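These notes are about the structure you will find just below.
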Amino acid sequence: MNYRFVAIDVDGTLLDSNKNLSPYTKDTIQRCIANGVTVCICTGRPVQTIDRFTELLGVQECPAIREMPFILYNGAMVAVGASHDIIFEQPLSENAGKELLSLGQELGSTLIAWSKNHLYVNEFNARIENYCTITPVEPILITDPDALAKQGITKMIWYDDAERMPALIDTLNTKPVRQEINCFTSNPLFLELVDKRCSKGLAIEQLIRHLGISREETIAIGDGYNDIPMLSYAGLGIAMGNACDAVKAAADAVTDTNDNDGVAKALIRYFT
């Protein structure tokens, strides 16, 4: 198969365990782009991270990186590099936004809501300070939850203790709003909530339709549970060597770990 497109997860996949991008993987991605492959970064992070990643990938050496697509908010938005033009966006419904804000507050979680690419929180605390070290955006205190829900929430996070997460999920699963959303833990402390029409797999479907690329011509590479939809959707799903068994089972192939240039090795195997 002549593959034309690859979607690459970030944490645990593109970046090593120290959150660094190896020169070898960077060079391999640049060579793929120079050869006409559409490389798409897939992440739960917001649009503000696009510029950081284009710089990290070497836009100065490879100007075509400026136009690469990004799947953001775990599939709730697709945007183009430097222009930040939005190709696809699907926020939570107003009703789901209201219900999730209310329920999360009732359960005592720290709430993070991304709306119109702004960061809203229900309180300022150590968790928010920590989150803002990962995503350096100035948080805005939620003063009118109903107005925020009406404005449209792209993604919500319940930030809580890992020990409480199973109970939070169990409670959420008993509520009618669960039928309107997709939810997953992107790390043990984050329960991420997006519209049911959003996942990394559905975002790839929207993007390749826009680009005129067939499903069979796509590859997806990831390591986490939230990557399973794109590994299952892509023509070829590749799990990282550091992925858990469930993620590997959902993939068609397994590459090396993120600390051993697993992404570069996969790209070299299937694109060169």
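The C-terminal position of the sequence shown is numbered 271 in numbering that gives the first Met the number 0, with every residue numbered one higher than the one before it.
The beta carbon of each residue, even a glycine, is placed where N, CA and C say it ideally should be.
Everything numeric in this text was worked out from a predicted model, so none of it was measured.
Check                                                                                                        : Outcome
Leu-201 beta carbon less than 8 Å from that of Gly-96                                                        : no
Start and end residues, beta strand (DSSP E) containing Lys-154                                              : 154-158
Span separating the alpha-carbon of Arg-126 from that of Met-0                                               : 46 Å
Assumed close pair Asn-124, Leu-110 - CB separation to whole angstroms, cut-off 8 Å                          : 11 Å between Cβ atoms; not a contact.
8 Å CB neighbourhood of Leu-102 in its chain, flanking five on each side removed                             : Thr-170, Leu-171, Lys-174 and Val-176
Residue interval of the alpha helix (DSSP H) (run including Asn-181)                                         : Not the alpha helix (DSSP H): Asn-181 falls in the beta strand (DSSP E), residues 180-186.
Burial state of Leu-99 (16 or more Cβ within 10 Å)                                                           : buried
Identified DSSP bridge partners for Glu-88                                                                   : Met-76
Ala-242 in three-state terms, based on DSSP                                                                  : coil
Reference Asp-226, options Leu-210, Asn-181 and Gly-80, closest by Cα                                        : Asn-181
Nearest-angstrom Cβ-Cβ length linking Val-262 and Ile-220, presumed shorter than 8 Å                         : 6 Å
When Glu-216, Ile-86, Asp-244 and Ser-21 are compared against Gly-234, the one with the closest alpha-carbon : Glu-216
Cβ separation of Tyr-158 and Ser-108, assumed to be a contact under 8 Å, to the nearest whole Å              : 6 Å
At least 3 beta-carbon pairs within less than 8 Å: the segment 63-72 vs the segment 26-46                    : yes
Sub-8 Å separation of Asp-194 and Leu-91 beta-carbons                                                        : yes
Expected contact under 8 Å - CB spacing of Ile-218 and Ile-237 to nearest Å                                  : 6 Å
DSSP state of Val-46 mapped onto helix, strand, coil                                                         : helix
Three-state secondary structure (DSSP) of Tyr-274                                                            : Past the edges of the chain, shown from 0 to 271, lies residue 274, and the structure says nothing about it.
Nearest-angstrom beta carbon gap, Leu-206 and Ile-85 [assumed within contact, 8 Å]                           : Rounded, the Cβ-Cβ distance is 12 Å, inconsistent with contact.
Same chain, Cβ closer than 7 Å to Gln-89, five either side skipped, listed in chain order                    : Ala-75, Asp-194, Arg-196 and Cys-197
Alpha-carbon spacing of Gly-240 relative to Thr-132, whole angstroms                                         : 28 Å
Beta carbon of Thr-24 nearer than 8 Å to that of Asp-260                                                     : yes
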